[in-house]
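Taking it in order: structure first as structure tokens, then the write-up.
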Amino acid sequence: MVTFFELLGLVGEIFFWFLKEVDEEEIEKNINYLKRYEWFDNYLNNDTYKELINKNIEVRYVIGKCNVDKMNKKNYNRLVEKKIKKVLLNESHTLGK
């Protein structure tokens, strides 16, 4: 039964993800928070990804939509990591074109 509620919570997170507005203050706050995680710090150590994180509108929008209060939840953390990875890969490919 617990997994049902976790699934229900994840569905709610996805809906929330699309409805949340972001601003520069929220983006910067989230970037500072995400630096605690090794996977995000690895992106900052990559020059291409660091530039995208600091300047690309799409990447910054995804980062700003994160709810850092829920990052301690394993499933949510993975969801955020996947979303950031996906947008970084997509936007890095557009740099080469």
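Start counting the sequence shown at 56; every next residue gets the next number (my numbering). Using N, Cα and C, we set each Cβ at its ideal position, and we do this for glycine too.
- Inter-residue distance for Leu99 and Ile108 is about 8 Å (C-alpha atoms, whole angstroms).
- One thing to note: Leu143 has its Cβ within 7 Å of the Cβ of Tyr104.
- For Asp96, the enclosing alpha helix (DSSP H) has its first and last residue at 93-99.
- The alpha-carbon of Glu106 is positioned some 15 Å away from that of Lys90.
- Take Tyr131, set aside five residues on each side of it, and the residues of its chain with a beta-carbon closer than 6 Å to its own are Lys125, in chain order.
- Taken in chain order, the whole alpha helix (DSSP H) runs of length 4 or more contained in the segment 97-145 are 102-110, 112-120.
- With a threshold of 16 other beta carbon atoms within 10 Å, Lys120 meets it and is buried.
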